[in-house]
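Protein chains in written order, with our numbering: chain A, 210 to 526; chain B, 210 to 526.
All C-beta atoms, glycine included, are put in the ideal place defined by N, C-alpha and C.
Please read these numbers as outputs of a predicted model, since none were measured by experiment.
Number of protein chains: 2
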Amino acid sequence: MSLAKPPSNMGHSMLDFVRDLQTTICDSFLSFENKNAFFSDTWTRPHHSGGGISCIFEDGSIFEKAGINISSIEGSFQSDTEKAMFLNLLSQLNHSTFDLDHATYFATGISLVCHPINPFIPTVHMNYRYFEIQSSDTTIWWFGGGCDLTPYFLDTTLITQFHSYLKLACDCLDRSYYPHFKDACDSYFFLPHRNEHRGIGGIFFDYLQSNTQTHYLDLVKSCGSTFLESYLPFIDAHKNTPFTHDHTQWQQYRRGRYVEFNLLHDRGTKFGLQTNGRIESIFMSLPKHVLWTYNEDLLTIHHLDLLEVIKSPKCWL
Amino acid sequence: MSLAKPPSNMGHSMLDFVRDLQTTICDSFLSFENKNAFFSDTWTRPHHSGGGISCIFEDGSIFEKAGINISSIEGSFQSDTEKAMFLNLLSQLNHSTFDLDHATYFATGISLVCHPINPFIPTVHMNYRYFEIQSSDTTIWWFGGGCDLTPYFLDTTLITQFHSYLKLACDCLDRSYYPHFKDACDSYFFLPHRNEHRGIGGIFFDYLQSNTQTHYLDLVKSCGSTFLESYLPFIDAHKNTPFTHDHTQWQQYRRGRYVEFNLLHDRGTKFGLQTNGRIESIFMSLPKHVLWTYNEDLLTIHHLDLLEVIKSPKCWL
Chain A
210 MSLAKPPSNM
220 GHSMLDFVRD
230 LQTTICDSFL
240 SFENKNAFFS
250 DTWTRPHHSG
260 GGISCIFEDG
270 SIFEKAGINI
280 SSIEGSFQSD
290 TEKAMFLNLL
300 SQLNHSTFDL
310 DHATYFATGI
320 SLVCHPINPF
330 IPTVHMNYRY
340 FEIQSSDTTI
350 WWFGGGCDLT
360 PYFLDTTLIT
370 QFHSYLKLAC
380 DCLDRSYYPH
390 FKDACDSYFF
400 LPHRNEHRGI
410 GGIFFDYLQS
420 NTQTHYLDLV
430 KSCGSTFLES
440 YLPFIDAHKN
450 TPFTHDHTQW
460 QQYRRGRYVE
470 FNLLHDRGTK
480 FGLQTNGRIE
490 SIFMSLPKHV
500 LWTYNEDLLT
510 IHHLDLLEVI
520 KSPKCWL
Chain B
210 MSLAKPPSNM
220 GHSMLDFVRD
230 LQTTICDSFL
240 SFENKNAFFS
250 DTWTRPHHSG
260 GGISCIFEDG
270 SIFEKAGINI
280 SSIEGSFQSD
290 TEKAMFLNLL
300 SQLNHSTFDL
310 DHATYFATGI
320 SLVCHPINPF
330 IPTVHMNYRY
340 FEIQSSDTTI
350 WWFGGGCDLT
360 PYFLDTTLIT
370 QFHSYLKLAC
380 DCLDRSYYPH
390 FKDACDSYFF
400 LPHRNEHRGI
410 GGIFFDYLQS
420 NTQTHYLDLV
430 KSCGSTFLES
440 YLPFIDAHKN
450 TPFTHDHTQW
460 QQYRRGRYVE
470 FNLLHDRGTK
480 FGLQTNGRIE
490 SIFMSLPKHV
500 LWTYNEDLLT
510 IHHLDLLEVI
520 KSPKCWL
């Protein structure tokens, strides 16, 4: 069995949700994508319990590379590095004195990154996860996740619509969520060395635990379920938009920022590498073809409107 | 004036050396490379003293991207991050109690990375640098540097010759250097998450200070001066070696490891980003076209001999 069996009711409910969402998204993508570009990869963690199912599209008709990954893992804290990392993490939740030596953890989530071929269709990232740490007398749990867009050219109508869907999904639970999560997304996906944001934002949250588990499960369900209706319109609108080598150069150049963010800053990548996670799954997020130039003048296209909104995030609604 | 004026005789001598070496290498490259692919970029550090001269080849006949960069910078330690970083560095030199509040630094060096178009010509990296920290009563100085090769296909004859030249250059100063620096190179250029070395090694050293300044200047001169004779044979031998799209795919895929190393592990990159260094110069080292695949089976070429030597470094001499 690749997916770890959840130790709690909430673990079960979350795992059911991410499995269903993975199936729904893959079925939807398979309705328009080349079936030969698709494969599913079930993996288990060596020396650990649990694993995941990665659904990949590579060299398709729409996606250059896309991954829809779910995982369900459990274990105890073994190395000192692992313990130090989790204590640091628990300090964010005011539990820095937790005894990790006799605790177990369980985590499940879905993680999606799509890098389309057509430069007019944005790259999209989505991730929803549930974490549980259990000692003899205490259980600590939290939810995290988000969804955000990295366009290469701006279709402001569809971007506004993308944010509307996310806002609607958040509003169902609490009207204060969207503005809060939107700001958190802008702050998180920031490359200080470029003084640029990774894309045009979306929502981002982590360490959610102050309300009930059911409340947050409803939140990630609401957000996860709006993914297709928020993203598919970009594919519908632009899958046949003509593009040239110059558009692709610009796309590949901007994708370099995606790699820089993920390798230099992304918490998920750091976490994965520090806990000896599965490399293929961690780096699933990296675009296929990427370009770094010393001399930006060699690019014939510079989409200045994009540069403006990634320098200072705007309110899309 | 872009290059900072050295505060010491050794600083002057080192700067003279790196300027001369840059000129020699650029002249040599220009003798066979497309002149339109070359440009020279003189820059100064905003809010700081000093700068550099970057000589770049991009989209040439031999080099997809190559940079030969020199810099000469000076200043005082301003931010707490900067001070903490340097104190950490000074602890390597047994000077962890140094008073950085009233100190100034000077650094000069040459840094070269060449990413050729032909996958049968290896990527090469070379860097020699001199550092000086001065307080009212003490001067701390050290030398660092090295040269190493990242092939995509193995030409064992030329690789052995490359190592011979480096050994010879080191032997002129001390016969214990090459084996020591070769091991240090293998240890340093290692990607733990891939369990792979970046390439087939070369030499690497840092914090050299136990002998005289003149001794180490002679060492970096000896090593730097052997660069062309150690690397040009790869270009001569393989500039006309036929290659296909499949060879290039393999090259671009392996280049991904180069990016991973430089963004995740390279001290120079970390140092540059943490000290608000010049992004174009720091990322000059990144290859132009890079590829990440989830499914390695999509690559039709897997050069297994290469994978073997980067898993466990061998002795080339």
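Worksheet item: Considering only the beta carbon of each residue, do Leu-299 (chain A) and Ile-234 (chain A) sit closer than 8 Å?
Response: By one-based count along the first sequence, residue 299 (chain A) stands at place 90. By one-based count along the first sequence, residue 234 (chain A) stands at place 25. No, they are not a contact pair.
Worksheet item: Which residues in chain A sit within 8 Å of Asn-504 (chain B), going by Cβ to Cβ distance?
Response: Counting from one through the second sequence, the residue named residue 504 (chain B) turns up at place 295. Simply Phe-248, Ile-265, Glu-267.
Worksheet item: Is it buried or exposed for His-311 (chain A), if we count other Cβ within 10 angstroms and need 16 for buried?
Response: As a first step, residue 311 (chain A) must be located in the first sequence, where it is residue number 102. Looking at its Cβ environment, which holds fewer than 16 other Cβ atoms inside 10 Å, His-311 (chain A) is exposed.
Discussion item. Strictly below 8 Å CB to CB, what residues from chain A border Phe-238 (chain B)?
Written reply: Counted from its first residue, the second sequence places residue 238 (chain B) at position 29. Within 8 Å Cβ-Cβ: nothing; Phe-238 (chain B) doesn't reach chain A, min ~15 Å.
Worksheet item: If the cut is a Cβ gap below 7 Å, which residues of chain B does Lys-274 (chain A) touch?
Response: As a working note, residue 274 (chain A) is residue 65 in the first sequence. By Cβ distance, chain B contributes Tyr-503.
Worksheet item: How is the beta strand (DSSP E) around Leu-417 (chain A) delimited, first residue to last?
Response: Translated into positions along the first sequence, residue 417 (chain A) becomes position 208. 410–417 is the span of the beta strand (DSSP E), which, as asked, contains Leu-417 (chain A).
Worksheet item: Using a beta-carbon distance below 8 Å, is Pro-496 (chain B) in contact with chain A?
Response: Sequence index remark: in the second sequence, residue 496 (chain B) carries index 287 (1-based). Closer than 8 Å: yes.
Practice prompt. Would you verify that the beta carbon of Met-335 (chain B) is, or is not, closer than 8 Å to some beta carbon of chain A?
Written response: As a first step, residue 335 (chain B) is located in the second sequence; it is residue number 126 there, counting from the start. Not closer than 8 Å to any Cβ of chain A, the Cβ of Met-335 (chain B) fails to qualify, so no.
Discussion item. With H, G and I counted as helix, E and B as strand and the rest as coil, what does DSSP make of Phe-398 (chain A)?
Written reply: Taking the first residue of the first sequence as 1, we reach residue 398 (chain A) at position 189. The answer is coil: DSSP assigns Phe-398 (chain A) none of H, G, I, E or B.
Discussion item. Any beta carbon from chain B within less than 8 Å of Arg-403 (chain A)'s own beta carbon?
Written reply: The residue you call residue 403 (chain A) lines up with position 194 of the first sequence. Closer than 8 Å to some Cβ of chain B, the Cβ of Arg-403 (chain A) qualifies, so yes.
Fill in: Host alpha helix (DSSP H) of Lys-376 (chain B) (start-end)
Numbered from 1 along the second sequence, position 167 holds the residue referred to as residue 376 (chain B). According to the DSSP assignment, Lys-376 (chain B) belongs to the alpha helix (DSSP H) that extends over 365–380.
Worksheet item: On the premise that Phe-352 (chain A) lies in contact with Tyr-425 (chain A), defined as a C-beta separation below 8 Å, what is that separation, rounded to the nearest angstrom?
Response: Working through the first sequence from its first residue, we reach residue 425 (chain A) at position 216. Working through the first sequence from its first residue, we reach residue 352 (chain A) at position 143. Yes, Tyr-425 (chain A) and Phe-352 (chain A) are in contact; Cβ-Cβ is about 4 Å, under 8 Å.
Discussion item. So, at 7 Å on beta carbons, what are the nonlocal neighbours of Arg-228 (chain B) in its own chain, with the 5 sequence-adjacent residues on each side left out?
Written reply: Walking along the second sequence from the start, residue 228 (chain B) turns up at place 19. Same-chain partners within the cutoff: Ile-279.
Discussion item. Quick check on the burial criterion: 16 or more other C-beta atoms within 10 angstroms. Buried or exposed for His-454 (chain A)?
Written reply: Your numbering for residue 454 (chain A) matches position 245 in the first sequence. Per the 10 Å Cβ criterion, exposed.
Discussion item. Any beta carbon of chain B sitting closer than 8 Å to that of Met-198 (chain A)?
Written reply: Because chain A here runs from 210 to 526, residue 198 (chain A) falls outside it and cannot be looked at.
Worksheet entry | Residue from B:Gly-354, B:Arg-466, B:Leu-382 with nearest C-alpha to Arg-476 (chain B) | Within the second sequence, the letter at position 267 stands for residue 476 (chain B). It is B:Gly-354.
Worksheet item: Considering only residues of the segment 469–509 of chain B, which uninterrupted beta strand (DSSP E) runs meet the minimum length of 3 residues and lie entirely inside it, listed in chain order?
Response: 498–500
Worksheet entry | Range of the contiguous beta strand (DSSP E) that encloses Pro-325 (chain B) | Numbered from its first residue, the second sequence carries residue 325 (chain B) at position 116. Its beta strand (DSSP E) spans residues 313–325.
Item to complete: Would you grab the beta carbon distance between Met-493 (chain B) and Tyr-339 (chain B) for me? Rounded to a whole angstrom, and I think it's under 8 Å.
Response: In the second sequence, residue 493 (chain B) corresponds to position 284, counting from 1. In the second sequence, residue 339 (chain B) corresponds to position 130, counting from 1. Contact flag wrong, Cβ pair sits at about 20 Å.
Worksheet item: In terms of alpha-carbon separation, which member of B:Lys-292, B:Leu-508, B:Asp-268, B:Phe-436 lies closest to Lys-244 (chain B)?
Response: Position 35 of the second sequence, counted from the start, is the residue given in the question as residue 244 (chain B). Checking every option, the nearest Cα to that of Lys-244 (chain B) belongs to B:Asp-268.
Worksheet item: With DSSP run on the structure shown, which of helix, strand or coil describes Arg-338 (chain B)?
Response: Translated into positions along the second sequence, residue 338 (chain B) becomes position 129. Three-state DSSP puts Arg-338 (chain B) in a strand.
Fill in: Below-8 Å beta-carbon distance, Ile-488 (chain A) vs any chain B residue
Within the first sequence, the letter at position 279 stands for residue 488 (chain A). By this cut-off, Ile-488 (chain A) is an interface position.
Worksheet entry | Among B:Ser-263, B:Phe-307, B:Ser-385, B:Gln-483, nearest to Ser-345 (chain B) - alpha-carbon criterion | Taking the second sequence and counting its residues from 1, the one referred to as residue 345 (chain B) is at position 136. When only C-alpha atoms are compared, the closest one is B:Phe-307.
Worksheet item: Would DSSP call Ser-166 (chain A) helix, strand or coil?
Response: In this structure chain A extends from 210 to 526, so residue 166 (chain A) is not present and cannot be described.
Discussion item. Check for me: the beta strand (DSSP E) holding Gly-353 (chain A) runs from which residue to which?
Written reply: Indexing the first sequence from 1 puts residue 353 (chain A) at position 144. Counting along the chain, the beta strand (DSSP E) containing Gly-353 (chain A) begins and ends at 348–359.
Worksheet item: Val-499 (chain A) touches chain B at which residues, Cβ-Cβ below 7 Å?
Response: Start at 1 with the first residue of the first sequence, and residue 499 (chain A) comes out as number 290. Val-499, listed in chain order.
Fill in: Reference Leu-472 (chain A), options B:His-402, B:Leu-516, B:Asn-327, closest by Cα
The residue given as residue 472 (chain A) occupies position 263 in the first sequence. Nearest C-alpha to Leu-472 (chain A): B:His-402.
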